[in-house]
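*Asks:* Protein chains in written order, with this note's numbering: chain A, 1 to 262; chain B, 1 to 262.
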DNA sequence: AAGTGGTCTAGACCACCAC
DNA sequence: TGGTGGTCTAGACCACTTA
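This is the structure in C-alpha cells:
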C-alpha cells in the first residue's frame with residue numbers, strides 16, 4: 001500500500017488521510033465499520049500502535065467512534081436545531097418544557113427532562129453577570145434534557161436569591177407558565193437578553209454528565225436576562241454538545257436602507 | 001506519587017487528572033510550563049508512552065499545547081467578541097474591513113485581511129441555501145482575516161453569479177460601501193438573514209488555513225441573506241476558531257408581556 | 001550542542017461484550 | 001468464548017529549535 005516511510009508525512013498521518021478520504025468520498029458511509037487495528041497493521045505493515053495512532057486521530061477529529069469490541073465506526077452526525085430566540089416569543093400556557101418539546105418532538109423523538117433546584121454560590125461567570133456581591137447567593141434550576149433517553153443538553157438557570165425567595169422558582173418542578181413569567185410577576189420583567197457562545201472541548205465533568213465522547217466539542221451558551229432598567233435578573237448556562245445541535249436564529253434589518261455592511 | 005495500578009482509572013488518566021487539577025486551581029498558571037515527559041515518567045515511575053498519553057489527552061482537551069523543544073505549556077485562551085448582528089447596523093461610509101477593524105483594533109491589535117475572488121461551483125451547503133440549479137455557478141469572495149499577523153478567522157461570501165456579474169463584487173478589492181450595498185444597488189436589498197452555527201472539530205484543511213492546533217474546535221457559521229421576497233442572494237461561510245472568538249448578540253422582547261418563556 | 005517532543009517498533013496482558 | 005480495542009512497557013532513532 002502507498003505509505004512511504006520516507007514521505008513528508010508521518011506514516012500514521014498517511015493512514016489517517018486515506019481513511020479520511022474514504023469517509024469523505026462515500027466509500028465508507030456513516031455507520032459503517034472501519035478496518036480493525038489488526039487489519040490496518042497487516043495492510044500497511046506497521047506496528048499496531050502506529051495504526052492505532054491513525055485511528056485515534058480520526059476519533060479526536062470527531063469523524064469516527066470506537067465501539068468495542070465491534071470495531072471503529074464512521075460517525076453519523078444528525079444535529080437538531082436549537083433556537084435561542086424561541087424563548088422571547090409568545091406562547092400558550094403550557095409546561096416549562098414546551099419549547100423544547102415543540103422544537104424536537106416533531107421528529108417523533110421522546111423528550112424528557114430532570115430538574116434539580118439548589119441554593120449556591122454561583123460560578124464566577126454567573127456572579128459577574130448577575131452583579132452579585134461577595135457571598136451573595138443564587139438559586140439555580142439545573143436541568144438535563146433528554147431525547148429518546150439520551151442526554152441532549154444541560155440548562156442551568158441562575159436567579160439572585162433575594163429576588164426569587166419564596167416563589168415557585170425554588171421548587172424543583174416544572175413551572176407551567178415559565179420561570180420568566182414568575183420573575184415578571186414579582187416585578188422583574190425581562191425586556192432584553194445578551195447571548196454569548198463559547199466554543200471549546202468539554203471538561204471531564206461535562207463529558208460525563210452529557211455522555212460526550214472524544215472529539216466532540218461543545219457550545220457553552222450564556223444568556224443574561226435584563227429588565228427595562230438594565231438590571232440582570234437571570235443568567236442561563238447551557239452546554240450544547242456540538243454533535244447534537246445546530247444553533248439557529250434570524251435577524252431582520254434594523255436600520256434604514258442607507259447602508260448595508262457586509 | 002499517588003498513582004495506583006489497581007485503581008479504577010487507568011494510570012494515564014490519573015496523571016492527566018492531577019495535571020488538570022493543578023491547572024484549574026491555579027498551581028499551573030496560563031503560559032507556564034508543565035513537567036516534561038521525562039520528568040513525568042520519573043515522578044510516576046511509568047513508561048514514557050504512558051506519561052505521553054496523559055499529556056496528549058490534555059492537548060486534545062485544549063488545555064495544553066506542546067511547544068517543542070521547550071515543553072508543554074498551559075494554554076491561554078483570550079477570545080475576542082464576534083458580533084454577527086453588527087452587519088445589520090448602519091455605519092458610515094468606510095472600507096469593507098471597518099466592522100472587523102472597529103471590533104478589534106480597540107485592543108491595540110493590528111487587523112489585516114486578504115481577499116480572493118473566484119467563480120466556482122459552490123459546496124452543497126451553499127448551493128442549497130442559494131437555491132442554485134445544477135451547474136449554476138457562484139462568485140465567492142474569500143477572505144482570511146488576521147490579527148497581529150496571526151490568522152483569526154475566514155469569511156467566504158457566495159453570490160449567485162447571474163446577480164453580480166459585472167459588479168464590483170467580482171473584483172478582489174475592498175468594497176468601500178460593502179458588498180451588501182452593491183447587491184442592493186442592483187436590486188437585491190437584503191432585509192432578513194438566517195444564522196446557523198455548527199460546532200465541530202476543524203478539517204485538516206481548515207486547521208492548516210487558520211493555524212488551528214489540536215484540541216481546538218471551530219464554529220462553522222452560515223449566514224443566508226434574503227430579500228423582501230425571500231429570495232436568497234448571499235451565503236456567508238465563516239470559520240471561527242473557538243480559542244479566538246466569543247459569539248455574542250443581543251435580543252429584545254418581540255411580544256406583549258403576556259408570556260415569557262424560560 | 002543539548003534537550004525536547006515526534007515517531008515507530010514489538011510485545012504483553014486485560015476487560016468487555018456480541019455472537 | 002473469541003476477537004475487539006484499551007493499557008502499558010522498553011527501547012530506538014529522529015527533527016527541531018532554542019539557548
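For glycine and all other residues, C-beta sits at the position ideal for the given N, C-alpha and C.
Please read all numbers here as calculations on a predicted model, not as lab measurements.
1. Can you look up residue 3 of chain B in the DSSP assignment and give me helix, strand or coil?
2. Determine whether the Cβ of residue 122 of chain A lies closer than 8 Å to any Cβ atom of chain B.
3. Rounded to the nearest angstrom, how far is the Cβ of residue 195 of chain B from that of residue 84 of chain B, given a contact under 8 Å?
4. Under a CB-based cut-off of 8 Å, is residue 209 of chain B close to chain A?
5. Of all the residues that make up the stretch 181–199 of chain A, which are near chain B by a beta-carbon distance shorter than 7 Å?
6. By a C-beta neighbour count over all protein chains shown, 10 Å radius and 16 as the cutoff for buried, is residue 49 of chain A buried or exposed?
7. Hey, how far is the Cα of residue 161 of chain B from the Cα of residue 76 of chain A?
8. Counting contacts by CB-CB distance shorter than 8 Å, is residue 201 of chain B in contact with chain A?
9. Just the chain A side, please: which residues come within less than 7 Å of residue 47 of chain B by C-beta, in chain order?
10. So the candidates are B:151, B:253 and B:188; which of them puts its Cα closest to the Cα of residue 159 of chain B?
11. Could you spell out where the alpha helix (DSSP H) holding residue 238 of chain B opens and where it closes?
12. What are the boundary residues of the alpha helix (DSSP H) that includes residue 59 of chain A?
13. At a Cβ threshold of 8 Å, is residue 74 of chain B touching chain A?
14. Extract the residue ranges of the beta strand (DSSP E) inside the stretch 106–140 of chain A, only unbroken runs of 3 or more that lie entirely within it.
15. Do you know how far the Cα of residue 73 of chain B is from the Cα of residue 42 of chain B?
16. Only counting the same chain, and skipping five residues up and downstream in sequence, which positions put a Cβ closer than 8 Å to that of residue 265 of chain B?
17. Compute the Euclidean distance between the alpha carbons of residue 97 of chain B and residue 174 of chain B, then round it to the nearest angstrom.
18. Suppose contacts are defined by Cβ-Cβ distances below 8 Å. Is residue 200 of chain B in contact with residue 172 of chain B by that definition?
19. In whole angstroms, what separates the C-alpha of residue 125 of chain B from that of residue 137 of chain A?
20. Just to check, is the beta-carbon of residue 210 of chain B closer than 7 Å to a non-hydrogen atom of the ligand HEM?
21. From the DSSP output, which residues share a beta bridge with residue 224 of chain B?
22. In angstroms, rounded to a whole number, what distance separates the CA positions of residue 114 of chain A and residue 237 of chain A?
23. Buried or exposed: which applies to residue 5 of chain B, given that a residue is buried once 16 or more other Cβ atoms fall within 10 Å of its Cβ?
24. Which whole-angstrom value is the C-beta distance of residue 206 of chain A and residue 246 of chain A, which I expect to be below 8 Å?
25. Identify the residues that DSSP records as bridge partners of residue 248 of chain A: which are they?
26. Let me know the secondary structure DSSP gives residue 173 of chain A once reduced to three states.
*Replies:* Working from what's here:
1. DSSP places residue 3 of chain B in coil when its eight states are reduced to three.
2. At a cut-off of 8 Å between C-beta atoms, residue 122 of chain A does not count as an interface residue with respect to chain B.
3. Distance from residue 195 of chain B to residue 84 of chain B at the Cβ level is roughly 6 Å; contact confirmed, criterion being Cβ atoms closer than 8 Å.
4. At a cut-off of 8 Å, the C-beta of residue 209 of chain B has no neighbouring C-beta in chain A.
5. Going along the stretch 181–199 of chain A in chain order, one finds 181, 184, 189, 190, 191, 192, 193, 194, 195, 196, 197, 198 and 199 with a Cβ nearer than 7 Å to chain B.
6. The residue is exposed, with fewer than 16 neighbouring Cβ atoms inside 10 Å.
7. The straight-line gap from Cα to Cα measures roughly 33 Å.
8. Residue-level contact by beta carbon holds for residue 201 of chain B and chain A, with a gap shorter than 8 Å.
9. For residue 47 of chain B, there are no C-beta contacts with chain A under 7 Å, since the nearest C-beta of that chain is about 12 Å from it.
10. Checked all of B:151, B:253 and B:188; the closest Cα to residue 159 of chain B is B:188.
11. Counting along the chain, residue 238 of chain B falls outside any alpha helix (DSSP H), though it belongs to the beta strand (DSSP E) covering 232–241.
12. Boundaries of the alpha helix (DSSP H) harbouring residue 59 of chain A: 48–60, taken from the DSSP string.
13. Not an interface residue.
14. Taken in chain order, the complete beta strand (DSSP E) segments of 3 residues or longer contained in the stretch 106–140 of chain A are 111–120.
15. Distance between the alpha carbons of residue 42 of chain B and residue 73 of chain B: 19 Å.
16. Because chain B here runs from 1 to 262, residue 265 of chain B falls outside it and cannot be looked at.
17. Model confidence at residue 97 of chain B stands at a pLDDT of 48, short of 50, so the residue's coordinates are unreliable; what they give is reported in the following sentence. Their Cα atoms are separated by approximately 7 Å.
18. Residue 172 of chain B is positioned such that its CB atom lies no closer than 8 Å to that of residue 200 of chain B.
19. Rounded to the nearest whole angstrom, the CA to CA distance from residue 125 of chain B to residue 137 of chain A is 46 Å.
20. The ligand content of the structure shown is nil, which means the ligand HEM is not present either.
21. Looking at the DSSP assignment, residue 224 of chain B forms a beta bridge with B:194 and B:235.
22. Take the alpha-carbon of residue 114 of chain A and the one of residue 237 of chain A: they are about 16 Å apart.
23. Of the other Cβ atoms in all chains shown, fewer than 16 fall within 10 Å of the Cβ of residue 5 of chain B; this residue is therefore exposed.
24. About 19 Å; that fails the 8 Å criterion.
25. Among the bridge pairs identified by DSSP, residue 248 of chain A is matched with B:196.
26. DSSP, read as helix, strand or coil, puts residue 173 of chain A in coil.
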